[in-house]
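Residue numbers (the UniProt record's numbering): 1 to 968.
Beta carbons: idealized from backbone N, C-alpha and C, even for Gly.
Since the structure is predicted, the reported quantities are computational estimates derived from the model, not experimental observations.
Comments concern the structure below.
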Amino acid sequence: MASITYKKSYRCSPSLQQFYTGGPFAVSSDGLLIFCACNEQIKIVDASNASIKSTIEGDSENVTALALSPDDKFLFSASHSRQIRVFELSSLRCVRSWKGHEGPVMGMACDASGGLLATAGADGKVLVWDVDGGYCTHHFKGHKGVVTCIAFHPDQDHLLLFSGSDDATVRVWDLVGKRCVAVLGNQKHVSAVTSLAISENGWTLLSSGRDKALYEALEAVCVVRSGTCFATSLGLNEQRKGKKKSSSPPIHFVTVGERGVLRFWNSEGAVCLFEQQTSDATIASDADDSRRGFTAAVFLPSDQGLLCVTADQQFLFYTPTQSSDGEFCLNLSKRLIGYNEEIVDMRFLGEDEQFLAVATNLEQVRVYDLASMSCSYVLAGHTDIVLCLDTCVSNDGKSLLVTGSKDNSVRVWEQTRKCCIGVGTSHMGAVGAVAFSKKKKNFFVSGSSDRTLKVWSLDGLSEDAGATMNLKVKAVVAAHDKDINSVAVAPNDNLVCSGSQDRTACVWMLPDLVSKVVLKGHKRGIWAVEFSPVDQCVMTASGDKTIKIWAISDGSCLMTFEGHNSSVLRASFLTRGTQIISSGADGVVKLWTVRTNECISYDQHEDKVWALAVGKKTEMLATGGGDAVVNLWYDSTAADEEEAFRREEEGVLKGQELENAVKDADYTKAIQIAFQLGRPHKLFELFSELCRKKREEYDIEKSLRALGNEKLRLLFEYAREWNTKPKLCHVAQIVLFRVFNILTPREIMEMEGIGELIEGLIPYSQRHFSRIDRLIRSTLLLDYALIGMSVIEPDTDIVPSKEVSVSRHEAHKAILNRQKASPNGVKKVSSEKLKLKSSDGDEPMLEDVTAKAHSPKGKKEVLSKNLNSSLEQDEAKAEEPIIENAVAHMHASVETEKRSSKKKKRKSASAHDGEATLQGDSEQIHDTSIGVVESKSKKRKSSKSKAGKEKKSRQAIIVDTSMASLQV
């Protein structure tokens, strides 16, 4: 037996999305794109496969009008907010917007030149705007109701504007004279005008309304142009050639309305040339007839056919063909579904599973072609919402589909003929679950809200293929106390299991529906049941957020899977029963491995996932739910493993190439390879190596210039991370500095997301610069300390000792000269000498030092000065001659003063006493100065031998301290 390969990953491709919710739409000039209003958004849809190319966000109000410029460069939109917006389609940005109407804008039209835009408002006004300037050029009033439609004359030489209103009138406005020139439809239309069309020659105006003038309420009228495929198929070209010229040639046009059929008309005699026999549009069966028939029609450019829009948001593409007898007929070439509403159930259909049958909140079943994702056909027959469905391929090779509906009936459909071949109507409640036989394919089982389980026979369907057959019930049983939500048939067709809202699941023996076992254990209702394809067990999914596997033999619970945050709505086996796929009301799809109880989650839905389909051959998945989105999931396990192996192999080769480039010192190439491999750490090492080079500026700029904008943006991300760490910030700052030198500010700001990156760089950069600034200031303080300790030479030049001596001698001489001018000159001399010595850096006088030494604070100062005195020995030694000269000058001045005082006569004793006091002070100053000089000279001589040794030791200590400070 071959080993089982577990599925590890699924890849989602959103195939069916909501893109049209009704209302306005516009078709591009080439017919390839459709611009659709989807609530407040505008969806740009590919007309070939209904895929959404782009989405334009609105202003939170539903879109009411759309129009395209003739060159497809601008899209005009309006919403209930009365805001008119102009979008540039190349960039999908709004280039200008304005308000002009007092009510919602109901219609828009752009003239042939693209320079004028006409808007029709619910306020009864018709306004014309200059597109480039955004200002109003014309303001027309006259309608008494809502203006419903508007159109320019196709000929630019005729500056006319036509508008239709719900007051049953059509008005013609002259743009040159700015006035109404005609009022049409007076007593012709009796209801709202819905559409306007102009003939080829430009002299005839066609209007349609809901007054049922042509057997039905019309929604749109379109003129059939000559030379088109429709004109050729109808034979209109030959008729026009053979007909004599007249002043008013016949006009051929097509109308669509509430009945959902297309009619082609000839204006001469109001002759209907063609009428569809059956409607391709959905005709609602509800009493209010809110969704009925067609709502719009337009001929596609380049003769691509006719596009009709239905009331249930379908786009139908018609092309003309001819029948076998040569009659004109229409072919529905494509059907795009704009809105699926809530998806209830789905199954893969066909032998090759190339179709997907989808049940929504409608009476029909839509069958999609998976190749083009367009709706191939619609199965109509139920009179109420279809709730469930199942598919199978019969033994004779026919693809069958069974559906259950709220109309209490079940129907069997055949894919090839696209019709119903069997109906069963014996249920008394809505049919919520159906399941085909797995082996014999000759019966199916249904469960209903009437709490009964029924087995229906398929015998005779293949024999009588001409008409719908009434299906017969083979067995019936009252299975549960509440509604039945799910049924499943065993692979050998011997058992059937039913799950109900009564929180139980029952296993029944076929064909008589005899009870075998009741499975109890769930705390909420059971939404899904399924038999294992290989083991004697059954799986149930419940509203209590769990999945359980039960043994059929005794009804015991074997395993419980917990992981969903809400009710588990669908579950199915994968990989021969070794894995489980489940979907829940939390919008999450989970892939479980039964043996390990591990799961992988996929979150691609925004609402409950009601529908889950698993392909029997390919095991491709399809999910759908309340968000009206159908997602297709493909098994990508093998592709992911191959991709991972390829990337690993490529990484090894690139890594070797990177090492070779580093070894060859080719840093430019190495940096590019590091970017390709996504190795930011290696990139940091390369830039660090470049920063240590002699030509680091040239090498770094050369490497950065070789990078593209995307890699530079990635480099900003790496630099932002490096900049957050002090050890890596230096390289980051250097790289950023070089990048800012290379790129201009405009180039930097054009990078995607650069604002967020710069915001992350600024705070850490400021922090780093503050730290570096503090470090620089600390180094300056260290330099100052080292200069003061004479460890390093200061930057400034030292003044010669002779100049210092002369300057100080002149200062002493000036002091002695001032002493002669005042009686108290000696005291001033002594005080100024003390100040002079203190300012010049010498030691203070002996008396001051002795006075300070008596206080505790003074003791500390004297001690600190004695410790630092040895550092000033060299300077003090140079200052000794200066002090001796100053003392000699002081002594000479005192002697001169003594001789002059003896010669003079004093008139009073007080003056003589004061003079004696001055002499005593002078002598005291003289003796004190001489004592200070002698004591200092003796101290310097005694400490001279010790100064050299202490200076060397202090220098060693200072160097060690400075190195420690630098390291900090």
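Query: Status (buried if at least 16 other CB within 10 Å, exposed otherwise) for Tyr135; Result: exposed
Query: Pairwise C-alpha distance: Ala528 and Ala611; Result: 11 Å
Query: C-alpha gap between Ile337 and Asp384, whole angstroms; Result: 20 Å
Query: Residues near Lys548 by beta carbon distance below 6 Å, same chain, minus five either side; Result: Thr540, Cys557, Thr560
Query: Element boundaries [beta strand (DSSP E), containing Asp129]; Result: Note on residue identity: the sequence assigns Trp, not Asp, to residue 129. From DSSP, the beta strand (DSSP E) with Trp129 extends over 125-130.
Query: Pro14 - partner residues in DSSP beta bridges; Result: Asn631
Query: Neighbourhood of Lys398 by C-beta, 8 Å cutoff - its chain only, sequence neighbours within 5 removed; Result: Glu414, Gln415, Thr416, Ser462
Query: Status (buried if at least 16 other CB within 10 Å, exposed otherwise) for Gln536; Result: exposed
Query: Given Ala197 as reference, the closest of Lys188, Val190, Ser191, Gly209 once Cα atoms are compared; Result: Gly209
Query: Identity of the residue in Ser376, Thr578, Phe152 nearest Thr596 by Cα; Result: Thr578
Query: For Ala639, the first and last residue of its enclosing alpha helix (DSSP H); Result: 637-663
Query: Residue burial classification, Arg171 (beta-carbon count within 10 angstroms, cutoff 16); Result: buried
Query: For Val89, the first and last residue of its enclosing alpha helix (DSSP H); Result: Before going further, note that residue 89 is Leu rather than Val in the sequence given. Run containing Leu89: none; DSSP gives neither H nor E here.
Query: Length of the line joining the Cα atoms of Asp345 and Ala628; Result: 12 Å
Query: CB of Cys272 within 7 Å of CB of Phe294, strictly; Result: no
Query: Which listed residue (Thr5, Leu757, Phe25) has its alpha carbon closest to that of Val298; Result: Phe25
Query: Within 7 Å, strictly: CB atoms of Val412 and Gly422; Result: yes
Query: Coarse secondary structure for Ser302, derived from DSSP in three states; Result: helix
Query: 7 Å Cβ cutoff met for Leu306 and Tyr318; Result: yes
Query: Residue environment, Arg503, which counts as buried when at least 16 other CB atoms sit within 10 Å; Result: buried
Query: Rounded C-alpha distance that separates His139 from Asp167; Result: 19 Å
Query: Trp722 in three-state terms, based on DSSP; Result: helix
Query: Residues near Asn49 in its chain [Cβ-Cβ closer than 8 Å; skip 5 each side]; Result: Ser372, Met373, Ser374
Query: Residue burial classification, Arg695 (beta-carbon count within 10 angstroms, cutoff 16); Result: exposed
Query: Pair within 7 Å by beta-carbon distance, Ser81 and Asp59; Result: yes
Query: N- and C-terminal bounds of the alpha helix (DSSP H) containing Glu685; Result: 680-691
Query: Beta-bridge partners of Tyr377, as assigned by DSSP; Result: Val367
Query: Nearest-angstrom Cβ-Cβ length linking residue 1032 and Leu92, presumed shorter than 8 Å; Result: With the chain covering only 1 through 968, there is no way to say anything about residue 1032.
Query: Thr403 burial status per 10 Å Cβ neighbour count (16 or more: buried); Result: buried
Query: Min CB distance Thr578 to chain B below 7 Å; Result: Checking the listed chains, one finds no chain B in this structure; it contains a single protein chain.
Query: Neighbourhood of Lys334 by C-beta, 7 Å cutoff - its chain only, sequence neighbours within 5 removed; Result: Phe317, Ser374
Query: Best match in Trp633, Tyr602, Ser572, Glu598 for proximity to Asp586 [C-alpha to C-alpha]; Result: Tyr602
Query: Where the alpha helix (DSSP H) containing Ala217 begins and where it ends; Result: First-last for Ala217: undefined, no H or E at that position.
Query: Own chain, CB closer than 8 Å to Val514, minus 5 neighbours either side, in chain order; Result: Trp508
Query: Cβ-based burial, Asp390 [other Cβ within 10 Å; buried from 16]; Result: buried
Query: Selection from Ala359, Asp396, Asp369 that minimises the alpha carbon distance to Ala380; Result: Ala359
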